[in-house]
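Asks:
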Amino acid sequence: MCSCCPRTRNSTVTRIIYASILLLGTIVACIMLSPGVDEQLKRIPGFCEDGAGSSIPGLQADVDCQMFVGYKAVYRICFGMSMWFLVFAVLMINIKNSRDPRATIHNGFWFFKCAALVAITTGAFYIPDGPFTYTWFVVGCVGAFCFILIQLVLLVDFAHSWNESWVDKMETGNSRCWYAALLAVTILNYILSCIAVVLFFVFYTKPDGCFLNKFFISFNMLFCIVVSVVSVLHKVQESQKRSGILQSSIITLYTMYLTWSAMTNEPDRTCNPSLLSIFQQINQTAVVIIGTEEPVLTSPYLQWWDGQSIVGLAIFVLCILYSSIRTSSTTQVNKLTMASKDSAILAEDGSSPDLSTGPRRVEDNERDMVQYSYSFFHCMLFLASLYIMMTLTNWYSPDADYTITSKWPAVWVKISSCWLYLALYTWTLVAPLIFTNRDFS
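Heads up, the sequence shown is in our numbering, so the first residue is 1 and it goes up one at a time.
Below you can see the structure in the form of structure tokens.
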């Protein structure tokens, strides 16, 4: 099977495998929230005790338990994945090249590593509940916030790389075609952002209330306008010729997503009309029309499957694949992620770093120096596991009385990351003007 694959490098293949393991764990965590799985999970001691009262009006205890047991299962699976990556992050500290014995563990022994992952995850299901759920919720909030920061760096780098690639093609190829494509994508991003702002004001604000949402929407909209203006200033264009409005449009659109994601986690349902509540209203209207006496309950399994969770998972997958396959051409990003820009290219003479003979297809290009920090890469996947946990549970924390309520810390984590995202992009624009003696190419 390997003979059919193109010749590639050890540094790239290993990262893809670890990213695939993380994505596979994400799929398993999603399955834990599927209908019918809770009946099997209830067999685990302490996972869903009999007689647990429901604190959600209109829901029976059994229905509440179904949501509760699914969230607890996600917590356990992500606990196993995160601990697995954390062990590797500590074990791989200060590896210089692939001749280090620890590098062999990092790049091989996949059967034993996967067996250890399964063992840790299975054992996590038997952890006594007690304060574990709330403690792990706090750890998840901190870790997810840190991963969002890494994700922001990758997205800013992606915006700059996208603009740089299309400007190069515009200068060397069909200039009109690429200019039209660049302009069309930019206009589309701004149109979608404007539509989002209008929808936010319509559905997430009230004429006499929801002042915090009004502040979030207005402030972020003004911040995006400022950033867009700064990106096309003459002095900024002189210091960064590739700086353009395309990056600002991408940043603006993602800012609108973060704003929406923060507002969907507010405990006050008056200012947070989630998709689940909309479905319930439609369902109740149908009940009144057909004259049914008893209200029909919306399935609790839809609790996490809302729009912002789907978008968050999609962005997460793209960022993980982006960080695993591509190494940034930006020196500052490579320093932050402790990677080498040579990890994805050939040597200067066009030859491969390791010209091994035989049918071997994966070349060891790290015998002299590692192409990325093994420890930082595992640390990033550790934080990604916590981010997945918080995203799948919609940043909800099951309390001791079997209630599932949203938390204000989740709102502020997302909105503060939104402001940091805009500040980070603004800094990439103005930094060359402040530190004129540094190379920001």
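Note that beta-carbon positions come from the ideal geometry of N, C-alpha and C, so glycine has one too.
The structure presented is a predicted model; accordingly, all values stated were derived computationally and were not measured.
For Y190, which of helix, strand or coil comes out of DSSP?
Replies: helix
Asks: Leaving out the 5 sequence neighbours to the left and right, which residues in its chain are closer than 7 Å to I95 when beta-carbon positions are compared?
Replies: R102, A103, V370, Y374
Asks: Any idea if L199 is buried or exposed, counting beta-carbon neighbours within 10 angstroms, 16 or more meaning buried?
Replies: exposed
Asks: Name the DSSP beta bridge partners of G209, please?
Replies: K206
Asks: Can you list, in chain order, the residues of its chain with a C-beta nearer than 7 Å to that of N163? Leave out the 5 residues immediately preceding and following it.
Replies: The residues are R242, G244, L246, Q247.
Asks: Is there contact between the stretch 12 to 32 and the stretch 308 to 320, where contact requires at least three CB pairs shorter than 8 Å?
Replies: Verdict: yes, contact present.
Asks: Among the residues of its own chain, which have a CB less than 7 Å from the CB of K214, if the five just before and after it don't count?
Replies: T205
Asks: Compute the distance between the beta-carbons of L86 and L392, then report whether it is under 8 Å.
Replies: Result no, Cβ atoms of L86 and L392 do not sit closer than 8 Å.
Asks: Among the candidates C177, F382, R367, N174, whose CA atom is the shortest distance from the CA of G140?
Replies: F382
Asks: Helix, strand or coil for Y372, going by three-state DSSP, please let me know.
Replies: strand
Asks: Quick check: T14 and N97, are their CB atoms within less than 8 Å of each other?
Replies: no
Asks: Provide the residue span of the alpha helix (DSSP H) that contains I93, from first to last.
Replies: Per DSSP, I93 belongs to no alpha helix (DSSP H) and is neither H nor E.
Asks: Would you kindly work out how many angstroms separate the C-alpha atoms of C30 and V90, rounded to a whole number?
Replies: One C-alpha to the other measures close to 28 Å.
Asks: When the Cβ atoms of the stretch 162 to 176 are set against those of the stretch 425 to 432, are three or more pairs found closer than 8 Å?
Replies: no
Asks: Give, in chain order, every unbroken run of the alpha helix (DSSP H) that is at least 4 residues long and sits entirely within the stretch 100 to 137.
Replies: 101 to 107, 110 to 124
Asks: Could you tell me the boundaries of the alpha helix (DSSP H) in which W408 lies?
Replies: 408 to 434
Asks: Report the option in V411, T259, L253 whose CA atom is closest to the CA atom of V185.
Replies: L253
Asks: Closest to A159 by CA distance: which of T135, T133, N189, F147 is it?
Replies: N189
Asks: By Cβ distance below 7 Å, which residues in the same chain neighbour F211 in space, the five residues on each side in sequence not counted?
Replies: none
Asks: Using 8 Å as the threshold, is the C-beta distance between M380 and I150 below it?
Replies: Yes, the Cβ-Cβ distance between M380 and I150 is below 8 Å.
Asks: Measure the alpha-carbon distance for N437 versus S239 and round it to whole angstroms.
Replies: 12 Å
Asks: Which of the three DSSP states, helix, strand or coil, is assigned to Q151?
Replies: helix
Asks: Could you say which of D368, L222, G70 lies nearest to V37 if we only look at CA atoms?
Replies: G70
Asks: First and last residue of the alpha helix (DSSP H) that includes K444?
Replies: Because the chain spans 1 through 441 in this model, residue 444 falls outside it and cannot be assessed.
Asks: Using the rule of at least 16 other Cβ atoms within 10 Å of the residue's Cβ for burial, across every protein chain shown, is C177 buried or exposed?
Replies: When all chains shown are included, C177 counts as exposed.
Asks: Out of curiosity, what's the CA-to-CA distance linking D354 and C114?
Replies: Unreliable positioning characterises D354 in this predicted model, as indicated by a pLDDT of 45, which lies under 50. A coordinate reading is not provided.
Asks: On the three-state DSSP scale, how would you describe N394?
Replies: Three-state DSSP puts N394 in coil, outside helix and strand.
Asks: Which residues mark the beginning and the end of the alpha helix (DSSP H) in which N265 is found?
Replies: No alpha helix (DSSP H) contains N265, which DSSP labels as neither H nor E.
Asks: Could you tell me the alpha carbon to alpha carbon distance between G312 and D208, rounded to whole angstroms?
Replies: 31 Å
Asks: For S165, count the other beta carbons within 10 Å of its own beta carbon; 16 or more makes it buried, fewer makes it exposed. Which is it?
Replies: That one is exposed.
Asks: Please report the Cβ distance between Y421 and L183, rounded to the nearest whole angstrom; I am assuming they are in contact, meaning their Cβ atoms lie under 8 Å.
Replies: Actually they do not touch by this definition, with Cβ atoms about 24 Å apart.
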